[in-house]
Amino acid sequence: MSVAELGLALTSGPSGLRASLRDLESELLLASGNVSEPLPSLPDEVVEAIAQEMGHRTVRLWLQADEEVRDASWESLTLKTLGGTPLGLTPGLRLVHESASVAKTKPLNVGGTPRVLIVSANPANAIYPRLESAANEVHSVATAFDSSENRRCHVESLVSASVPKLKSTLSKWKPNVFHFVGHGDMDANGGFLVFEGTSERLYGCDLGRLLIRAGTRMAILSGCFTASGTGSVAETLIEQGIECVIGMRGTLDDGASHLFARALYAALAEGSSVDEAVWQGRKAISGSPTNWSVPVLIARRPLSALFPVQRSAQRRTNLTGDPNAFVGRANEKAELRRVLADPRRRLTTVHGLGGMGKTRLCREIARESVSRFDAVWSIDCESVTHVDELFPSIAATIRVTGTGNYEEVIADAIGQDRVLLLLDGLDTANPELSSRIDHLLDSCPQLRILATSREPLDSKHARRVELGPMAFPARGRSEAMRLFLDAAEHASPGFRLRDGDRPIVQNLLSNLDGIPLAIILVAGRLAYLDVRTLASLAQDDVYGAAAGLESEGRHSTLERALRGSFEALDEEERLLMRDLSVFRGGFTFEDASAIMGDAFGLLRGIGQLRRRGLLSLQPMRSEHRYRVLHTVRTYLKRVASVEPPCHVRLAHAEHYALDAVMVRKQLDSGDWASGNARLWSENGNYDAALSFAAKIGENRLIVSFATALARPYYEAGAMLEFERLGECCADIDEDNLRIEMDGLRGSHARRNGNPLRAHSIWLARAERCMKVGRFDDYADSLLDCADLALELDQTQKAQELLDQVDSPASEYSPLVRAGYMLVRARLSLQQGDLRSALDGAQEAEALAERVADHRLTPYLWRALAEVYRKVGDLPRSERMARRLVAEALVAGYYQSAGSGLLELSETLESMNRLDSAAEAIAVANAIPSSVSSVLRNASSARYRTFDSRHGSGLLTAFDDRLKMSLWTIVAAKIGDEYSHN
């Protein structure tokens, strides 16, 4: 930047304030001698002289003022002919307060690797209150160089600073630039900064001596009144020999200080001169008239860039561009950027199972970092089998030669330069390697190392970043889905998902465990396969689908990527990995210990497998769950031909049979939240245990699983699991099992449109119940048959069945008695006796309240909602339907929740509350068809009926909203309203 250096000397005298434009050899009289009043514009002659230079270059105006006028806000002085812009904000004009008390010095640039010490003190007492934005300003300074080409500045922070801490840090750190964030003030002894402890005061003269001893050349004082005139901290520092000081004339708002600092350092980092950077800082807060004029720059000539940028310098790197766009890993990239910016952790290990994309991620981060470092080198460590081979590889890559110790040669070559080494595939981790890397880091204070490995390195400098599978949630466009689509587009240009393909791809991503390498290799098959064929292939043989090309290298196939992790295990670890593969969907340490024993050895073994990425960790609210990935289990079984032995699988089946019984007890006692959480977290283990029990004919275990889980599966709409239980226990004639399963099988037949089969099953169930003395279940079976008869308009048959139950005997439970009254009320409805129907419904509701947490009450609320609606008591009908939705959701009974939503929509439509009715229908229609095909058919029919009556506008509006939210969330809000009705 071309700069015209102009000087303006300002003095006060008997005839008023005088000004001399020294470098222009002219002397002019200012119009006012009262500087406490608002200052007028400069005379036209002065303005024209400045404007003449500003026409073709920036003017740096050095302002000298005597003690009487020094305190005036010269930054606020306006130039009439330039539109009344204040001096401090005028484009092309940079205002510097010049100190005349010292001689000129060499240009102000610190060279080498600049060091900035930012000191924060926040005493937070009655006199000096807490500065809420102090942390923001510290962060602004610490991160100012991240987005700049000039990233060589080393920033150190001292927070909660006391005077002793400051003295110690200055003597060790010796910063070129001192930045203070906190309170400043003045008393009779002069200006001072306030530190923590007992509100210690550090006067300018004492601070100056400390800074001069430390070799500090510039100070930035972000504290009130630090540059408020004669005797201020800023003036005192200048007088003692500090070359440049930025201080505050008055009070700078807490919120504006970090904005000023951010713009100031951003400009300094780009190589701007200090006065230019101050102008940029003022500009950043120019929207506030009370803030922008507060910062003051006091300096000694000459003034130059603090951190010169060598923009033409050639950065040294062996990294080349990647033709493929980097997809996903946004959180991991952000974390690695933060870690690399942290001076306390100069070795970062990105570790995890093979195929997770460690190399690709770290190369992307390294490429981003080229402008921050003097050199960035990537070293392929795949062929390094011993620690002695690593350092010659580094030396060869960074192109240094020498004799003697390779570490010393590398350290001498790097020296004080800011260098990033990417050690890719460093899988020879051991204490000796860590020690030698530590020594290299200690020898090169600006060196950073980013390493990829299957397990983390142990080092005093190290920070570990584990790279696990990509996320693939069922909703939204996940990173795994984006990667699949990107790879598919490369394999088959123009590729697009067809209708119905997205769920298939979601299941495919699940089979691939979200492993990036597997996703890319499998998507490559789309060059000659369609999505459905590919998914079927991966279901049967994930390693065949992810075989990739016939090429060498650890990333050519999924099998090759995982092989190294297994080969690194010792025999004891391999046996443990084999045994842990018995778990499906995850396990806790307590689960593994219950099955395998030896808690201490198990804990050590799990820790080793975690280090190597063979077990993923799923932190839960109350426990940690480990998971063996599907791809890892498949590798053990199909590639390594290793499966858990029979005694481990039997112990696993015994453990989870007991667990299933415990879950059923939780659900039956009303603890639905705990029971459902455990049910679905252990569903994979239940399935694996049931399969093994069926394989070895262990009927005792099969009965435990069926009696515990059949109803929860059925009510949740998990029909695949329910039918699998039915298949496994079909040949077991055990009374408790048959009573449980036949009740549900009858309901299943009724829901699927087979009333005759349902009737037959329930009658046989009633007979069995009578024989074994299960009278509640006997009555329940006959009531089911009576209710079915009413649905078929067989009122006489329904009456006969009710007569068999007889009037509810006192030994029947409240639940059965409530069911009896409801069927009787429905019979009264069909006979046109609304009064009796209402009386029966009210009695049934009173009985149902006594069993409000029972697993069967959702049926009662649905039936009550229907009866109340048909007798015309719509408010009660609404309340029952909303209650059904609420309690069914908590219990995980999604079929019942959907039925409640449809029943509620009927009631709301009868009340002419069409918006609310449309919402209930739209939510019911959003319930996945996998929950219940019968429910889906019913919701679709209700949707069409409502649409034909009232138009599609209401429904489509809610359909659009549901695309942005889970149906369960909206349904829960609908259900929660029952308590307010």
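Under our numbering, the first residue of the sequence shown is numbered 25, with each subsequent residue one higher. Note that CB positions come from ideal geometry on N, CA and C, so glycine has one too.
Item: Cβ-based burial, P952 [other Cβ within 10 Å; buried from 16]; Value: exposed
Item: Residues near H579 by beta carbon distance below 7 angstroms, same chain, minus five either side; Value: At H579 the pLDDT is 49, less than 50, meaning the model places this residue with poor confidence; the figure from the coordinates comes in the next sentence. So the list reads L541 and A585, once near-sequence residues are dropped.
Item: N- and C-terminal bounds of the alpha helix (DSSP H) containing E911; Value: L898 to A915
Item: Touch test, the segment 264-283 against the segment 237-256, Cβ-Cβ under 8 angstroms, three pairs minimum; Value: yes
Item: Rounded C-alpha distance that separates G777 from G767; Value: 16 angstroms
Item: Short Cβ contact (9 angstroms threshold) for S310 with L113; Value: yes
Item: Nearest candidate by alpha-carbon position, reference N200, set T137, I720, W885 and R225; Value: T137
Item: Own chain partners of D801 with C-beta closer than 6 angstroms, once the 5 adjacent residues on each side are dropped; Value: I763 and C793
Item: Meets three-Cβ-pair contact criterion under 8 angstroms: the segment 703-717 and the segment 677-686; Value: yes
Item: Sufficient close CB pairs (3 or more, under 8 angstroms) joining the segment 409-427 to the segment 357-376; Value: no
Item: Nonlocal neighbours in the same chain, by C-beta distance under 6 angstroms from P416, ignoring five residues either side; Value: Y430
Item: Endpoints, the alpha helix (DSSP H) within which H485 is located; Value: Per DSSP, H485 belongs to no alpha helix (DSSP H) and is neither H nor E.
Item: Limits of the alpha helix (DSSP H) - the one that H1008 falls within; Value: Missing from the structure shown is residue 1008; the chain here goes from 25 to 1005 and no further.
Item: Pairwise C-alpha distance: D523 and T476; Value: 40 angstroms
Item: Cβ-based burial, D993 [other Cβ within 10 Å; buried from 16]; Value: The sequence shown places Ile at residue 993, not Asp. Per the 10 Å Cβ criterion, exposed.
Item: Alpha carbon of S459 to alpha carbon of S192, nearest angstrom; Value: 29 angstroms
Item: Burial state of I619, where buried means 16 or more other Cβ atoms lie within 10 Å; Value: buried
Item: Chain B contact for L292 (CB, 9 angstroms cutoff); Value: Annotation note: the requested chain B is absent from the structure, which comprises a single protein chain.
Item: T476 (DSSP reduced to helix, strand or coil); Value: strand
Item: Enclosing beta strand (DSSP E) for R84 [first to last residue]; Value: T82 to A89
Item: As assigned by DSSP and simplified to three states, the class of Y152; Value: coil
Item: Cβ-based neighbour list, E224, same chain, cut-off 8 angstroms, excluding 5 preceding and 5 following; Value: S186, V187 and V218
Item: Span of the beta strand (DSSP E) around D404; Value: A399 to D404
Item: Spatially closest choice to Q154 from V205, P115 and E122, by CA coordinates; Value: According to the sequence provided, residue 154 is Arg. The question's Gln does not apply to it. Taking only the C-alpha atoms, the option nearest R154 is V205.
Item: Distance CB(L231)-CB(L385) smaller than 9 angstroms; Value: no
Item: Euclidean distance between Cα positions of E263 and I151; Value: 29 angstroms
Item: Three-way DSSP call (helix, strand, coil) for D808 in this model; Value: helix
Item: Under 9 angstroms between C-beta atoms of Y844 and L826; Value: yes
Item: Distance CB(S929)-CB(A942) smaller than 9 angstroms; Value: yes
Item: Span separating the alpha-carbon of L626 from that of L234; Value: 57 angstroms
Item: Nearest residue (CA-CA) to G588, options R657, R478, I543 and L641; Value: R478
Item: Nearest-angstrom Cβ-Cβ length linking E758 and V727, presumed shorter than 8 angstroms; Value: 6 angstroms
Item: Environment of L744 [buried if 16+ CB atoms lie within 10 Å]; Value: exposed
Item: Contact the segment 447-456 vs the segment 404-419: 3+ CB pairs below 8 angstroms; Value: yes
Item: The segment 461-469 contacting the segment 356-363, beta-carbon criterion three pairs below 8 angstroms; Value: no
Item: Which residues DSSP lists as bridging M272, in chain order; Value: P319
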